[in-house]
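S.K.: Right, I'll just put the structure down here and ask away after.
Protein chains in written order, with the numbering used here: chain Y, 1442 to 1671; chain U, 35 to 583.
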């Protein structure tokens, strides 16, 4: 609509990231460069994924425009997102510090890079046009949810990579981790089954991300307890 | 605690964020195009007719606008573009919109044939009212689409109003829930079209000795409130088809010396009809009467103009009742058409019928038409579209005219003999396939003067008619020039434009959105601030023990 509207959207995107960085305490570790590094890793991972997708699913765009929805193909494509977990793992390894700082730094860097690469252009082009659409506000809110999502994923990756993880926690952590690449697919399938609107889907995503994050937090708390006791 | 938080908030704005944004944003804004996004709705629309006749302006005088769309009931000022269905708007409403609104967008009916007679009559009257005066605001017409139907419904049920009734909360809710539409047309300012009216004529030479000439004339343009949608099936595709068909019939008769008639026949088609006061005919007459070589129009027996002949019965319009025993009287008797007499009124802005142009030059002239009055609104309507029943009437009328003309030319008094009448039918039979073809072709082409006089004379409808006539007789195409200093008429472009409809929200909406976002961010802030305490409690619940480290 107007520049003012664009400002609104920008505030919605930027402020939570900024607050997460400032007030979570990781800024005390002076890890801004590490955030940038994680962001760079994100972009590199996406390029690798694109290469993979273009090699193994060359005509996937045609199928989408054709209207056919091949579940198996979609699952295979989502599997490529496992590369994201690998990227997060590399980012976690290269960040020094305590567990929670590592996780948050990687998650913020990763999610900001995603916002910058995949949402900012759409926002810049769309939200400033004369046309009003709830889509842009929704996309901004979605980027907040994705920050939570990435934090949960990073925490799960960190947990699974720990050698001192209690044995009984490994199966649930690994299961949640393996589900991460398919979460978008699952959410969309559920939204389709429930005939949810776009806002409903967003709420579903938020709820899902919150659930996974709480589960990861519980495991983190247990791990901390465990390592403190032993 | 509270002071701490205030400090934290301030920090966001105290950080590096605002400073680099101050630099980066202006650069981005300067670099990026003004309107980077395409509208979600894009329509091809037609601008209302605009022309000057003897420097008197007619029609819509402006083209561009960028206004908020409103329905017929909710518009209130000159910053609104009224969007309505053409069958919904009354003439009184139109008069008010013309003087007070910012623009008018009318959506044409989905299907002409589904309109009731009352609605058709209403549209014709509305068109007449619209063309009566010049209009300062832009007026556009759009063809029906489902998207337009949605937009009109949205506007009709919109909560956006200017009155301040209701509580503030209600108003706030309305601004969030309702859709507004910004309607934009960016068209060039109206400019005069380089108009070159033409007249096509051809002559069939009669038997030597008899120097009398009969002229058969028609105009082939059409007129309605929308130049691009003037299909004019009745007025005057029917007349033009009749001239072509008569040329075909008589060229066959005149090709053999034995059946050649006495008088010469001149067939003429002109590209500027009643809407422009038969300008082409006037110029054509000047050229052929006042020139040194005035052989074409020597000794005119009568001039027969054909105008709107797609219903029955036919009527003969004259400006002077024909004397008994004159050729015109003989034609009238043979056609069996009633006579309507109307004197030429030179003080009138418009000439009533085509034959008046000839009558002014002291020729015996009459118009054959199925209309009773020259004021009939169906001569200037966009509803003038082809139909099968009109086609049947045209074919019958052409046959009747051909018969009457032949019987006049060969001076036959009796047709009672059955053998003879079969002979006539053979010689004078109309070729229905050809009539149908031409009728379909002409009534599928927009033939307003704006369209046909701005294309090259050998292209478009003019070129097609010229080629058709030249199959039967030698044709000449004469282009007429307008007076440089005082043009008799002026036509204006653009006749069509692209209309963009943006869905927008009221300005207050963004303010409300800002409030909502600020509330949300405050919530996020507290969530982050309270996270350590939450974690402590949560860990206690999960592990069942107090946190150790």
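By construction, the Cβ of each residue, glycine as well, lies at the ideal position given by its N, Cα and C atoms.
So is residue 1470 of chain Y in contact with chain U if we call contact Cβ pairs under 9 Å?
M.R.: no
S.K.: Under 9 Å between the Cβ atoms of residue 319 of chain U and residue 331 of chain U?
M.R.: yes
S.K.: Is residue 284 of chain U close to the ligand SAM? I mean its beta-carbon at under 8 Å from any heavy atom of the ligand.
M.R.: Among the components of this structure there are no ligands whatsoever, and the ligand SAM is therefore not found.
S.K.: Near residue 146 of chain U, which residues of its chain fall below 7 Å by C-beta distance, leaving aside the five closest residues on each side in sequence?
M.R.: In its chain, beyond the 5 residues on either side, 417, 419 have a beta carbon closer than 7 Å to the beta carbon of residue 146 of chain U.
S.K.: Could you tell me the distance, in whole angstroms, from the CA atom of residue 377 of chain U to the CA atom of residue 403 of chain U?
M.R.: Their backbone Cα atoms lie some 17 Å apart in a straight line.
S.K.: Hey, would you say residue 232 of chain U sits closer than 9 Å to residue 478 of chain U, going by beta carbons?
M.R.: Between residue 232 of chain U and residue 478 of chain U, the C-beta gap is not smaller than 9 Å, which leaves the two residues out of contact.
S.K.: Please say whether residue 85 of chain U and residue 526 of chain U have beta carbons closer to each other than 9 Å?
M.R.: Yes, the pair counts as a contact, with Cβ atoms nearer than the cut-off.
S.K.: Could you tell me how far apart the beta carbons of residue 341 of chain U and residue 252 of chain U are, in whole angstroms, since I believe they sit closer than 8 Å?
M.R.: Taking 8 Å as the upper bound for CB-CB distance, residue 341 of chain U and residue 252 of chain U are in contact here, some 7 Å apart.
S.K.: Starting from the beta carbon of residue 1465 of chain Y, find every residue of chain U whose beta carbon is closer than 9 Å, and list them in chain order.
M.R.: 562, 565
S.K.: Along the chain, where does the alpha helix (DSSP H) containing residue 126 of chain U start, and where does it finish?
M.R.: 125-134
S.K.: Are the CB atoms of residue 1446 of chain Y and residue 405 of chain U within a distance shorter than 9 Å?
M.R.: No, the pair does not count as a contact, with Cβ atoms beyond the cut-off.
S.K.: Which of the three DSSP states is assigned to residue 426 of chain U in this structure?
M.R.: Helix.
S.K.: Would you decide whether residue 566 of chain U is buried or exposed? Buried here means 16 or more other CB atoms lie within 10 Å of its CB.
M.R.: exposed
S.K.: Report yes or no: do three or more beta-carbon pairs, one from the region 1590-1597 of chain Y and one from the region 1633-1644 of chain Y, lie closer than 8 Å?
M.R.: Flag = no, the region 1590-1597 of chain Y and the region 1633-1644 of chain Y do not touch.
S.K.: Tell me which residue opens and which closes the beta strand (DSSP E) that residue 237 of chain U is part of.
M.R.: 232-238
S.K.: When you compare each of Y:1451, Y:1463, Y:1545 to residue 563 of chain U by their alpha carbons, which one comes out closest?
M.R.: Minimum Cα distance to residue 563 of chain U is reached at Y:1463.
S.K.: Since residue 1592 of chain Y and residue 1544 of chain Y are thought to touch, with beta carbons under 8 Å apart, how far apart are those beta carbons, to the nearest angstrom?
M.R.: 7 Å
S.K.: Cutting at 6 Å between CB atoms, please list the residues of its own chain near residue 1523 of chain Y, excluding the five before and the five after it.
M.R.: 1622, listed in sequence order.
S.K.: Identify whether residue 522 of chain U lies in helix, strand or coil by the three-state DSSP scheme.
M.R.: coil
S.K.: Can you list the alpha helix (DSSP H) stretches of 4 or more residues lying completely in the region 252-320 of chain U, in chain order?
M.R.: 273-289
S.K.: Tell me whether residue 374 of chain U sits in a helix, a strand or coil according to DSSP, three-state version.
M.R.: strand
S.K.: Going along the chain, which residues of its own chain have a beta-carbon closer than 8 Å to the beta-carbon of residue 510 of chain U, five neighbours each way excluded?
M.R.: 234, 235, 236
S.K.: Whole beta strand (DSSP E) runs in the region 331-358 of chain U with 3 or more residues, listed along the chain?
M.R.: Qualifying beta strand (DSSP E) stretches, in chain order: 334-340, 349-352.
S.K.: Tell me which residues of the region 526-551 of chain U have at least one Cβ-Cβ distance to chain Y shorter than 7 Å, keeping chain order.
M.R.: 536, 537, 538, 539, 544, 547, 548, 551
S.K.: So that I know if they touch, is there some Cβ in chain U lying closer than 9 Å to that of residue 1554 of chain Y?
M.R.: Judged by the 9 Å Cβ criterion, residue 1554 of chain Y is not in contact with chain U.
S.K.: Which residues share a DSSP beta bridge with residue 94 of chain U?
M.R.: U:169
S.K.: Please report whether the beta-carbon of residue 1557 of chain Y lies at a distance below 9 Å from any beta-carbon of chain U.
M.R.: Look at residue 1557 of chain Y: its C-beta is not under 9 Å from any C-beta on chain U.
S.K.: If you scan the region 375-421 of chain U from start to end, which runs of the beta strand (DSSP E) of 3 or more residues do you find wholly inside it?
M.R.: Within the region 375-421 of chain U, the complete beta strand (DSSP E) runs of at least 3 residues are 399-403.
S.K.: Any Cβ of chain U within less than 9 Å of the Cβ of residue 1452 of chain Y?
M.R.: yes
S.K.: Distance check for residue 523 of chain U and residue 250 of chain U, CA to CA, integer angstroms please.
M.R.: 25 Å
S.K.: Buried or exposed: residue 1456 of chain Y, going by 16 or more other Cβ atoms within 10 Å of its Cβ?
M.R.: buried
S.K.: Run down chain U in chain order and give the residues with a C-beta less than 9 Å from the C-beta of residue 1534 of chain Y.
M.R.: Result: empty, since nearest Cβ-Cβ is about 24 Å, beyond 9 Å.
S.K.: Where does residue 369 of chain U sit, in a helix, a strand or coil, going by DSSP?
M.R.: DSSP places residue 369 of chain U in helix when its eight states are reduced to three.
S.K.: Among U:139, U:469, U:400, U:325, which residue has its Cα nearest to the Cα of residue 102 of chain U?
M.R.: U:139
S.K.: Can you tell which of U:177, U:288, U:97 has its C-alpha closest to the C-alpha of residue 78 of chain U?
M.R.: U:177
S.K.: Within its chain, find whatever has a CB closer than 6 Å to the CB of residue 1646 of chain Y; leave out the 5 residues flanking it on each side and keep chain order.
M.R.: 1586, 1628
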